[in-house]
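Chains S and W are the protein sequences, given in the same order. Note that the UniProt record's numbering has the first sequence beginning at 1, numbered continuously upward. Note that the UniProt record's numbering has the second sequence beginning at 1, numbered continuously upward.
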Amino acid sequence: MNSTAVAPRDTGVLVVGACQAGIQLACSLREYGYSAPITVVGAERHAPYQRPPLSKTLLHAETSPDAIALRSEAFYADQGIRLVLGERIIRVDRGDGGAGVAYAHSGRSFAFDRLALTVGARPRRLPVPGADLAGVHYLRDADDALALRAALAEAVDVLVIGGGFIGLEVAATARELGCEVTVTLADNRLLERAVGVPTSEFFLDAHIRRGVRVHLGAPPVRLLDDGHGRVRGAELPDGSVLTADLVVVGIGAVPRTELAEQLGLTVDNGIVVNEYGLTSDGTTVAAGDCVACPPPVDLPDGPVRIRFESVNTAVEQAKTAAALLADRPVPYGAVPWFWSDQYDLKLQVAGLSTGHDRYVVRGEPDTEKFAVLYYRGGHLVAGDFVNRPADFLAVRSALAAGRTIPPEAATDTTVPLKKLIADDPRQAVA
Amino acid sequence: MPKVTYVSDAGEARVVDGLVGDSVMQTAVRNGVPGITGECGGVLSCATCHVFVDEADLDRLEPVSGLEDEMLDGTVVDRCPNSRLSCQIKLSDELGDLRVTTPEAQE
Numbered sequence: 001m002n003s004t005a006v007a008p009r010d011t012g013v014l015v016v017g018a019c020q021a022g023i024q025l026a027c028s029l030r031e032y033g034y035s036a037p038i039t040v041v042g043a044e045r046h047a048p049y050q051r052p053p054l055s056k057t058l059l060h061a062e063t064s065p066d067a068i069a070l071r072s073e074a075f076y077a078d079q080g081i082r083l084v085l086g087e088r089i090i091r092v093d094r095g096d097g098g099a100g101v102a103y104a105h106s107g108r109s110f111a112f113d114r115l116a117l118t119v120g121a122r123p124r125r126l127p128v129p130g131a132d133l134a135g136v137h138y139l140r141d142a143d144d145a146l147a148l149r150a151a152l153a154e155a156v157d158v159l160v161i162g163g164g165f166i167g168l169e170v171a172a173t174a175r176e177l178g179c180e181v182t183v184t185l186a187d188n189r190l191l192e193r194a195v196g197v198p199t200s201e202f203f204l205d206a207h208i209r210r211g212v213r214v215h216l217g218a219p220p221v222r223l224l225d226d227g228h229g230r231v232r233g234a235e236l237p238d239g240s241v242l243t244a245d246l247v248v249v250g251i252g253a254v255p256r257t258e259l260a261e262q263l264g265l266t267v268d269n270g271i272v273v274n275e276y277g278l279t280s281d282g283t284t285v286a287a288g289d290c291v292a293c294p295p296p297v298d299l300p301d302g303p304v305r306i307r308f309e310s311v312n313t314a315v316e317q318a319k320t321a322a323a324l325l326a327d328r329p330v331p332y333g334a335v336p337w338f339w340s341d342q343y344d345l346k347l348q349v350a351g352l353s354t355g356h357d358r359y360v361v362r363g364e365p366d367t368e369k370f371a372v373l374y375y376r377g378g379h380l381v382a383g384d385f386v387n388r389p390a391d392f393l394a395v396r397s398a399l400a401a402g403r404t405i406p407p408e409a410a411t412d413t414t415v416p417l418k419k420l421i422a423d424d425p426r427q428a429v430a
Numbered sequence: 001m002p003k004v005t006y007v008s009d010a011g012e013a014r015v016v017d018g019l020v021g022d023s024v025m026q027t028a029v030r031n032g033v034p035g036i037t038g039e040c041g042g043v044l045s046c047a048t049c050h051v052f053v054d055e056a057d058l059d060r061l062e063p064v065s066g067l068e069d070e071m072l073d074g075t076v077v078d079r080c081p082n083s084r085l086s087c088q089i090k091l092s093d094e095l096g097d098l099r100v101t102t103p104e105a106q107e
């Protein structure tokens with residue numbers, strides 16, 4: 001590709017968004033030898049932190065946002081990374097060659113030679129009457145988690161709207177905290193976008209076994225007022241009413257694309273980037289939940305671009321964007337993976353099962369320790385793993401190496417999957 | 001304040017002051033010690049914080065859990081008898097200073 005890096009001047013790189021992707025981008029820039037100034041501006045007041053614990057450990061009383069900080073203050077100082085917190089960038093003015101000035105809500109301005117957008121996503125709002133009642137919570141950032149933790153401590157009946165990772169992790173935590181928990185969702189299966197059917201069915205059974213009530217295909221049509229502006233439940237499409245004194249909405253996230261749009265960048269369910277993390281203007285880079293990128297793995301008949309929300313993707317995309325800015329471009333092509341912890345269930349997912357035409361189940365789902373391996377056209381493409389971490393690591397490494405695991409042999413749980421990794425005979429001719 | 005000495009695969013040592021309650025992985029990541037990734041944040045999901053614990057320190061650690069044991073079977077650099085996932089080693093005053101060596105690769 002054409003090199004788009006410019007000789008660093010005195011203003012360096014401005015990273016908008018002090019999150020997993022933003023901090024990784026800044027750290028990787030230094031690792032790749034970038035020596036000009038790096039400024040990271042974040043809207044939140046907390047030092048940059050890990051997001052996954054927000055729906056799990058942070059909801060239990062013993063953890064504070066400081067305990068999940070990504071890096072120490074000393075680290076940023078040592079690396080010459082200037083961290084500016086509590087400032088939301090609302091406008092960017094730019095001249096030729098990518099350089100410009102970003103303006104925060106407060107009026108503060110930040111000059112830059114190159115701009116990186118790691119602005120993330122906001123929770124999708126529940127589009128029904130009553131969604132703004134008191135007692136309705138969303139969970140995206142540390143302040144949301146602290147507010148939800150306080151509310152959970154008082155709650156008796158918790159209603160979770162949505163059956164994705166956030167919803168189910170909150171449901172699990174609320175149950176562990178002793179609440180009555182109901183989950184209701186529009187989809188007909190849990191974790192629909194993340195895992196295959198056998199894994200969805202397992203999680204449905206597992207939550208029910210632990211006393212959670214689950215309503216599939218039942219998006220609330222309105223939330224009900226207790227007469228004092230506080231939520232008291234939700235009405236389902238069939239007219240039935242679920243009562244709750246606390247409602248948590250986890251129905252996905254919407255990429256923050258306002259700055260990209262203001263800059264005239266191409267946006268299509270996320271800021272569009274190429275495999276190097278470069279946006280349509282040829283100078284701005286972007287990474288993380290705000291980004292729509294080419295699929296990192298081969299997806300025949302799949303979408304041209306996808307938007308992932310995972311730690312691994314944020315980290316890998318940030319490294320890719322940093323490498324480009326440091327003028328040593330390497331295309332993004334890491335095998336995606338993610339995890340979810342619910343109760344004592346550890347779910348790990350490697351690869352993308354989209355478009356699979358065959359799967360095999362390894363182990364017995366009823367024992368709460370099993371794996372599902374997905375194949376497409378004879379190739380191993382993905383796996384879901386519940387309490388089988390060694391199998392997860394074996395499949396992740398097989399996928400990364402473009403190798404396979406014969407499906408027939410994989411069902412024998414007496415043989416470690418690691419020992420079954422083999423060259424993929426079809427890979428050579430594909 | 002417990003100190004952790006991180007020795008790289010190439011033999012370079014770096015000493016970091018740790019905080020009681022933090023793990024050996026967190027201490028490394030927050031201070032930018034190379035050789036430990038810790039991508040999952042310490043919840044036994046990624047196996048990218050593999051270390052070899054100094055023999056002299058090994059017996060003082062809490063034993064390996066079942067899940068950690070399984071994860072160690074899948075690390076990129078094969079496990080040794082003194083292998084641990086550093087996210088599972090919590091610093092304390094009782095435990096005191098530790099010395100670990102990082103493997104050649106984590107992912």
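Note that CB positions come from ideal geometry on N, CA and C, so glycine has one too.
Member of the options whose CA lies at the smallest distance from the CA of residue i
i: CYS80/W; options: SER92/W, MET25/W and ASP54/W; result: ASP54/W
i: ASP78/W; options: ALA47/W, GLN88/W, VAL64/W and ARG60/W; result: ALA47/W
i: VAL360/S; options: ALA147/S, ALA409/S, ASP301/S and LEU216/S; result: ALA409/S
i: GLY302/S; options: CYS293/S, PRO52/S and GLU309/S; result: CYS293/S
i: LEU14/S; options: THR313/S, ALA74/S and GLY100/S; result: GLY100/S
i: LEU44/W; options: GLU94/W, VAL15/W, LEU98/W and LEU72/W; result: LEU72/W
i: ILE36/W; options: CYS87/W, CYS49/W and THR27/W; result: CYS49/W
i: ALA121/S; options: GLY270/S, THR313/S and ALA26/S; result: GLY270/S
i: GLY402/S; options: THR414/S, SER340/S, VAL297/S and VAL386/S; result: VAL297/S
i: LEU59/S; options: ALA150/S, ASP327/S, TRP339/S and ALA260/S; result: ALA150/S
i: GLN342/S; options: HIS207/S, PRO198/S and VAL291/S; result: HIS207/S
i: ASP113/S; options: LEU325/S, SER200/S, THR404/S and GLY378/S; result: LEU325/S
i: ARG209/S; options: LYS56/S, VAL415/S and ASP344/S; result: ASP344/S
i: CYS87/W; options: ALA56/W, ARG99/W, VAL64/W and GLY38/W; result: GLY38/W
i: ASN312/S; options: ALA26/S, TYR332/S, LEU299/S and ASP327/S; result: TYR332/S
i: GLN106/W; options: VAL16/W, SER65/W, GLY21/W and VAL51/W; result: VAL51/W
i: ARG307/S; options: LYS56/S, PRO295/S and LEU299/S; result: PRO295/S
C-beta contact flag for residue i and residue j at 8 Å
i: ASP384/S; j: VAL195/S; result: yes
i: VAL181/S; j: VAL212/S; result: yes
i: ALA67/S; j: PRO48/S; result: no
i: THR243/S; j: ASP157/S; result: yes
i: residue 504/S; j: SER353/S; result: Residue 504/S cannot be examined here, being either before or after the span of chain S that is shown, 1 to 430.
i: LEU168/S; j: VAL249/S; result: no
i: THR284/S; j: LEU263/S; result: yes
i: residue 435/S; j: ARG305/S; result: Here chain S comprises residues numbered 1 to 430, so residue 435/S is not present and cannot be evaluated.
i: ARG388/S; j: LEU373/S; result: no
i: GLY252/S; j: THR118/S; result: no
i: GLY18/W; j: THR5/W; result: no
i: LEU420/S; j: PRO406/S; result: yes
i: LEU224/S; j: GLY217/S; result: no
i: GLU316/S; j: ALA334/S; result: yes
i: PRO220/S; j: ILE166/S; result: no
i: PRO123/S; j: TYR103/S; result: no
i: GLY163/S; j: LEU185/S; result: yes
i: TRP337/S; j: ARG376/S; result: no
i: TYR76/S; j: ARG328/S; result: no
Integer-rounded CB distance, given that residue j should sit under 8 Å from residue i
i: THR102/W; j: ASP9/W; result: 6 Å
i: GLU235/S; j: ARG222/S; result: 5 Å
i: GLU44/S; j: LEU85/S; result: 7 Å
i: ALA116/S; j: VAL16/S; result: 7 Å
Status (buried if at least 16 other CB within 10 Å, exposed otherwise) for residue i
i: HIS228/S; result: exposed
i: ASN188/S; result: exposed
i: ILE89/W; result: buried
i: SER23/W; result: buried
i: PRO65/S; result: buried
i: residue 505/S; result: The requested residue 505/S does not occur in the structure, where chain S is confined to residues 1 to 430.
i: VAL429/S; result: Note on VAL429/S: pLDDT 43, under 50, position unreliable in the model; the coordinate value appears next. Classification of VAL429/S: exposed, given that the 10 Å Cβ count is below 16.
i: ILE89/S; result: buried
i: ALA153/S; result: exposed
i: SER72/S; result: buried
i: GLY12/S; result: buried
i: THR266/S; result: exposed
i: ALA7/S; result: Confidence is the limiting factor: at ALA7/S the pLDDT is only 47, short of 50, which leaves the residue's position unreliable, though a coordinate-based value still follows. Classification for ALA7/S: exposed.
i: SER3/S; result: Any reading at SER3/S needs caution, since the residue's pLDDT is 42, under 50, leaving its predicted position unreliable; the model's value is listed next. With fewer than 16 other Cβ atoms within 10 Å, it is exposed.
i: THR39/S; result: buried
i: ARG105/S; result: Looking at the sequence provided, one finds His at residue 105/S rather than Arg. That one is exposed.
Q | Stretch pair the stretch 85-102 of chain S + the stretch 51-59 of chain S: three plus CB contacts closer than 8 Å | A | The stretch 85-102 of chain S, when compared against the stretch 51-59 of chain S, does not touch it at the 8 Å Cβ threshold.
Q) Between the stretch 344-352 of chain S and the stretch 190-209 of chain S, do at least 3 Cβ pairs fall closer than 8 Å? A) yes
Q. How about the stretch 56-63 of chain W and the stretch 414-425 of chain S: do they share at least three Cβ pairs that are nearer than 8 Å?
A. no
Q) Is the stretch 305-324 of chain S touching the stretch 262-278 of chain S in the sense that three or more CB pairs, one from each, lie closer than 8 Å? A) yes
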